[in-house]
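Report on the structure given below.
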Amino acid sequence: MTIMRGGTASQGTPIGILMADTVSARIPGDVGNGFTYDFPVRFYTVKGATAERISKGVDPELADALLDGARFLEAEGCQAITTSCGSLIAFQDQLASAVQIPVFTSSLLQASFAAQIIQPHKKIGILTDSARSLDPRYCTGYGLTKERIAIQGLEDTKAFYPAFYSGTDRYVYEEVEADVLWAAGKLIREHPDIGAIVCEGADLAPFSPAVNRMTGLPTFDIVTLIRLVASGILRGMTSPFQNRLNGGDTGVPPSWGRPPMDSEEAGKGGCV
Numbered sequence: 008m009t010i011m012r013g014g015t016a017s018q019g020t021p022i023g024i025l026m027a028d029t030v031s032a033r034i035p036g037d038v039g040n041g042f043t044y045d046f047p048v049r050f051y052t053v054k055g056a057t058a059e060r061i062s063k064g065v066d067p068e069l070a071d072a073l074l075d076g077a078r079f080l081e082a083e084g085c086q087a088i089t090t091s092c093g094s095l096i097a098f099q100d101q102l103a104s105a106v107q108i109p110v111f112t113s114s115l116l117q118a119s120f121a122a123q124i125i126q127p128h129k130k131i132g133i134l135t136d137s138a139r140s141l142d143p144r145y146c147t148g149y150g151l152t153k154e155r156i157a158i159q160g161l162e163d164t165k166a167f168y169p170a171f172y173s174g175t176d177r178y179v180y181e182e183v184e185a186d187v188l189w190a191a192g193k194l195i196r197e198h199p200d201i202g203a204i205v206c207e208g209a210d211l212a213p214f215s216p217a218v219n220r221m222t223g224l225p226t227f228d229i230v231t232l233i234r235l236v237a238s239g240i241l242r243g244m245t246s247p248f249q250n251r252l253n254g255g256d257t258g259v260p261p262s263w264g265r266p267p268m269d270s271e272e273a274g275k276g277g278c279v
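Taking the working numbering, the leading residue of the sequence shown gets 8, the next gets one more, and so forth.
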């Protein structure tokens, strides 16, 4: 007998995404475009969370709005929560403490991981929307020191920065991509000992494949992190032979937003 369980208004959206309150073009490949993912996601726009406001650092009113959004996504059945702006890593601890599900606010959480998989003498290159606004402390930790990071910003670019920080709702793709590749090229020319790149700005994700092709270096962004977390959450729904989402052995989705079984149920079965 298979018991089907609910508990939330909807199920089946493993990742909840706290979106900044912007009108920037969110193309496929961007964190804010549903076609970026091969699994459902749930978007929540944090009203008043403009790019300018986020860049100014920790704001108590903004923190409250983010916490409300995280709690809403958890209540709606999401199994993990991320954001659409790398600078929101400043709120990582607050958000992670406010809900019972995993929270990963920024692609920068991959920096220390990337440092572990390359040669110890090599650096991690950080591409960011604005180097002036990025606190290097958020790039380090877990064995990664500031001596092993190199930061390159795009705040002085002619196409990229205005595309996401001027309030426009459109941009020329080729011009923005050219700016990103210029920044990546400058980064590796000035620091030839870089072994991997992390794109801190969430809006860099559509362009990180081109960065990877140009540099030949492992390149991480917010979408690579979302896919990693989702793969763990959805592991029970994948084929053990093809690692493909197929509903798992039973075809019954997990109980979204709650433990898979009660303590009583957990005692049944197992070794005899």
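Don't be surprised by glycine CBs; every beta carbon is placed ideally from N, CA and C.
Values in this document were obtained by computation on a predicted structure and should not be read as measured data.
Residue j beta carbon less than 8 Å from that of residue i
| i | j | result |
| --- | --- | --- |
| residue 288 | residue 114 | Nothing can be reported for residue 288: it is not among the residues displayed for the chain, which extend from 8 to 279. |
| residue 121 | residue 205 | yes |
| residue 160 | residue 176 | no |
| residue 110 | residue 118 | no |
| residue 53 | residue 37 | no |
| residue 164 | residue 156 | no |
| residue 225 | residue 203 | yes |
| residue 99 | residue 89 | no |
| residue 141 | residue 158 | yes |
| residue 154 | residue 139 | no |
| residue 23 | residue 80 | yes |
| residue 211 | residue 179 | no |
| residue 289 | residue 151 | What the structure shows of the chain is the stretch from 8 to 279, and residue 289 is not part of that stretch, so it cannot be assessed. |
| residue 74 | residue 56 | no |
| residue 207 | residue 134 | yes |
Neighbour flag for residue i against chain B, beta carbons, 8 Å
| i | result |
| --- | --- |
| residue 131 | Given the protein chain composition of this structure (a single chain), no chain B is represented. |
Exposed unless 16 or more other CB atoms sit within 10 angstroms - verdict on residue i
| i | result |
| --- | --- |
| residue 193 | exposed |
| residue 248 | exposed |
| residue 190 | buried |
| residue 63 | exposed |
| residue 244 | buried |
| residue 18 | buried |
| residue 42 | exposed |
| residue 128 | exposed |
| residue 86 | buried |
| residue 58 | buried |
| residue 33 | buried |
| residue 174 | exposed |
Reduced DSSP category for residue i - H, G, I as helix; E, B as strand; rest coil
| i | result |
| --- | --- |
| residue 186 | helix |
| residue 16 | coil |
| residue 37 | strand |
| residue 177 | coil |
| residue 171 | helix |
| residue 145 | helix |
| residue 43 | helix |
| residue 273 | With a pLDDT of only 49 at residue 273, under the threshold of 50, the placement of this residue in the model should not be trusted; the figure read from the coordinates follows. In the structure shown, residue 273 sits in a helix (DSSP, three-state: H, G or I). |
| residue 82 | helix |
| residue 157 | strand |
| residue 10 | coil |
| residue 166 | coil |
| residue 56 | coil |
Per DSSP, the bridge partner or partners of residue i
| i | result |
| --- | --- |
| residue 138 | In DSSP, residue 138 forms no bridge with anything. |
| residue 49 | 23 |
| residue 61 | None; residue 61 has no bridge partner. |
| residue 88 | 23 and 110 |
| residue 194 | None, per the DSSP bridge assignment. |
Q.
For a minimum of 3 consecutive residues, which ranges assigned as the beta strand (DSSP E) are wholly contained in the segment 197 to 261?
A. 201 to 206
Q. Which runs of the beta strand (DSSP E) fall wholly inside the segment 99 to 141 and span at least 3 residues, in chain order?
A. 130 to 135
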